[in-house]
Amino acid sequence: MFDKITEKFDIVFRSLRGLGKITETNIQTTVRDVRIILLEADVNYSIVKSF
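Here it is as structure tokens:
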């Protein structure tokens with residue numbers, strides 16, 4: 001289970017690192033992706049919402 005979460009985080013942050021310039025849109029997309037990963041890992045919704 002933790003392996004899959006780690007893989008997903010790696011993919012998200014690798015895509016962010018590959019950008020020449022980080023914009024607010026990139027950050028919003030990354031935060032959305034992280035929230036989805038956490039929800040898929042059955043993290044409590046209120047915790048994900050506060051992230």
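Take the sequence shown: its position 33, counted from the start at 1, is 33 in the UniProt record's numbering, and no numbers get skipped. By construction, the Cβ of each residue, glycine as well, lies at the ideal position given by its N, Cα and C atoms. None of the values given here were measured: they were computed from a predicted structure.
- In this structure residue 22 is exposed. Its beta-carbon is surrounded by fewer than 16 other beta-carbon atoms within 10 angstroms.
- In the structure shown, residue 47 falls within a helical segment according to DSSP collapsed to helix, strand and coil.
- Considering only 48, 14, 18 and 19, the residue with the shortest C-alpha distance to residue 32 is 48.
- Inclusion of residue 12 and residue 25 in the CB contact set at 7 Å is not warranted, their separation being larger than that value.
- By the CB criterion at 7 Å, residue 27 and residue 8 fall outside the cutoff.
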